[in-house]
Amino acid sequence: MKKWLVSLLALAAIGGASLTSANLGTSAFAASKSKLTGKVLAVGSTALQPLAEQLGERFSSANSSVQITVQGGGSGAGLTQVQAGSVQIGDSDIFASQEDGIDPSKIVDHKVAVIGIAPVVNKDVGVKSLTKSQLKKIFTGKVTNWDQVGGKDQKIDLINRASGSGTRTVFENAILGNATAASSQEQDSNGTVQKIVSTTPGAISYLAFSYIKGQSGLKALKINGVSPTNKNVENNKWKVWGYEHMYTKGKATGATKAFINYFYKSSNKSLIKKLGYIPLPSMKVVKNDNGVVKDK
């Protein structure tokens, strides 16, 4: 009887030890799982900035140990700083190969969306549509009064983006070709251009679609009768568009990789569209760094 009791107690002790060992192993494994952590600084394109900021807020809410900071400065600044390794992400409206001083082999491209760009005017100029030729003449200084293109007798106030702006590069490649833009005031961001055109009589410039929606003081113009809509960008009827790129120095890793991948989540498609951008899967065409467009 005593031997049976001793054996029973011994088995219980062994079983308990095994259970305790298993529990400890599970706890140790759980503790070894680290949360996503880190800081991500994205600098560059002001066209991409509204989307990057809002998705950055969403991403940070879901990953409390990651700090996302988004700043403007223009595509040129984004490409320069990411190549130098001073930021985790360089936001750009253009391919790295289109920016002087940038070596595309040193940075990695992540296309996250598409953006349309449209000529915009102060709402009182009296013009709703221009031909590509008329736009080219305006931005090269050959047409200087709105009455020359069907508007009111009013001097055209030309506003350009600063050198290094990806929005400017996309617009000029599509409209001016190899022609040189006329001398004019230059502004550093889409947001500043938006405010100036809205409040300046006779003003004309160009903006990313994300800065046009809901702006009562300005009007986006048709080009050759085609309206600046996402649908027309998707099939290339609207020719003035570009990719929104997020460049990294080398392969993206950790929180940087996770943030970039966040742009591709299907749950974020509605926000991308709402803000005036186009999700990549919606595009019916592709464009290379030489501006050649082909069907998918």
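The sequence shown runs -22 to -1, 1 to 274 under mature numbering (1 follows the signal peptide of the UniProt record, and there is no 0). Each residue gets a CB set at the ideal place from its N, CA and C atoms; glycine is no exception.
From residue i to residue j, what does the alpha carbon distance come to, in whole angstroms?
i: residue 236; j: residue 25; result: 22 Å
i: residue 273; j: residue 214; result: 9 Å
i: residue 105; j: residue 153; result: 18 Å
i: residue 51; j: residue 33; result: 19 Å
i: residue 204; j: residue 216; result: 7 Å
i: residue 171; j: residue 239; result: 31 Å
i: residue 59; j: residue 78; result: 13 Å
i: residue 189; j: residue 142; result: 19 Å
i: residue 109; j: residue 132; result: 19 Å
i: residue 73; j: residue 223; result: 7 Å
i: residue 94; j: residue 194; result: 19 Å
i: residue 262; j: residue 246; result: 20 Å
i: residue 256; j: residue 187; result: 10 Å
i: residue 177; j: residue 99; result: 10 Å
i: residue 250; j: residue 89; result: 14 Å
i: residue 83; j: residue 64; result: 17 Å
i: residue 18; j: residue 103; result: 43 Å
i: residue 5; j: residue 13; result: At residue 5 the pLDDT is 37, less than 50, meaning the model places this residue with poor confidence and gives no usable figure here.
In the DSSP assignment, find the unbroken beta strand (DSSP E) run with residue i in it and report its ends.
i: residue 228; result: First-last for residue 228: undefined, no H or E at that position.
i: residue 185; result: 181 to 186
i: residue 138; result: 135 to 139
i: residue 21; result: 16 to 22
What span of residues does the alpha helix (DSSP H) with residue i cover, start to end?
i: residue 61; result: 53 to 62
i: residue 250; result: 247 to 252
i: residue 116; result: 110 to 117
i: residue 29; result: 27 to 40
i: residue 209; result: 208 to 212
i: residue 176; result: 168 to 177
Thinking C-alpha only, which one of the options is nearest residue i?
i: residue 166; options: 259, 63, 110 and 22; result: 22
i: residue 53; options: 173, 250, 225 and 263; result: 225
i: residue 138; options: 185, 124 and 109; result: 185
i: residue 268; options: 34, 120, 65 and 147; result: 147
i: residue 254; options: 243, 211 and 240; result: 211
i: residue 134; options: 151, 163 and 141; result: 163
i: residue 111; options: 126, 69, 131 and 29; result: 126
i: residue 173; options: 161, 18, 38 and 197; result: 197
i: residue 119; options: 161, 27, 260 and 37; result: 161
i: residue 169; options: 228, 18 and 27; result: 27
i: residue 191; options: 55, 248, 252 and 43; result: 252
If we count the other Cβ atoms within 10 Å of its Cβ and call it buried at 16 or more, is residue i buried or exposed?
i: residue 15; result: exposed
i: residue 157; result: exposed
i: residue 75; result: exposed
i: residue 62; result: exposed
i: residue 231; result: exposed
i: residue 97; result: buried
i: residue 40; result: exposed
i: residue 145; result: buried
i: residue 68; result: buried
i: residue 1; result: Any reading at residue 1 needs caution, since the residue's pLDDT is 41, under 50, leaving its predicted position unreliable; the model's value is listed next. So residue 1 ends up on the exposed side.
i: residue 71; result: buried
i: residue 35; result: exposed
i: residue 283; result: Any property of residue 283 remains undetermined from this structure, which presents the chain solely from -22 to 274.
i: residue 206; result: buried
i: residue 234; result: buried
i: residue 183; result: buried
i: residue 128; result: exposed
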